[in-house]
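0 is the number of the first residue of the sequence shown in numbering that gives the first Met the number 0; add one for each residue after it.
By construction, the Cβ of each residue, glycine as well, lies at the ideal position given by its N, Cα and C atoms.
What follows is a short report on a single structure.
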Amino acid sequence: MPEYDPGGRDHEWFDVLFRAHARPVAAYFRRRVEASDIEDLTAEVFTTAWHRRADVPNGHELPWLYRTAGFLLANHRRRLRAQDS
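Have a look at this one:
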């Protein structure tokens, strides 16, 4: 996995990140949410990674993505509960 490079290779870094980890992140959600929400939540994880790319630790990208997915899952469940109220 290339390190985040503030010198301009961000798109390459993101492409490698997404190709390496999109399936495991989607699988994380597949076990926890409705099928109709998997793609949106997975995209939200990678959008967060893009915006916070300087914070994604080199060599530990997948745990960071899983942690982010967990936070987004909690927010998603709160929104669902609020809609049901």
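From this set, the options, which residue's C-alpha is nearest residue i's C-alpha?
i      : options                           : result
Ala-25 : Leu-72, Ser-84, His-10 and Leu-79 : Leu-72
Ala-68 : Ala-48, Ser-84 and Gly-58         : Ala-48
Asp-36 : Gln-82, His-75 and Leu-61         : His-75
Val-85 : Leu-64, Leu-79 and Asp-83         : Given a span of 0 to 84 for the chain in the structure shown, any question on residue 85 remains unanswerable.
Leu-61 : Trp-12, Arg-8, Ala-19 and Asp-9   : Ala-19
Glu-11 : Glu-38, Arg-22, Pro-23 and Arg-52 : Arg-52
Glu-43 : Gln-82, Asp-83, Ala-21 and Arg-8  : Ala-21
Leu-64 : Pro-23, Asp-9 and Arg-30          : Pro-23
Ala-9  : Phe-70, His-50 and Arg-30         : Correcting the residue identity first, residue 9 is Asp in this sequence and not Ala. It is His-50.
On the CB-based measure, 16 or more other CB atoms within 10 Å of its CB, does residue i come out buried or exposed?
i      : result
Leu-16 : buried
Leu-40 : buried
Phe-28 : buried
Can you tell me whether residue i is helix, strand or coil according to DSSP?
i      : result
Val-55 : coil
Arg-30 : coil
Ser-35 : helix
Arg-8  : coil
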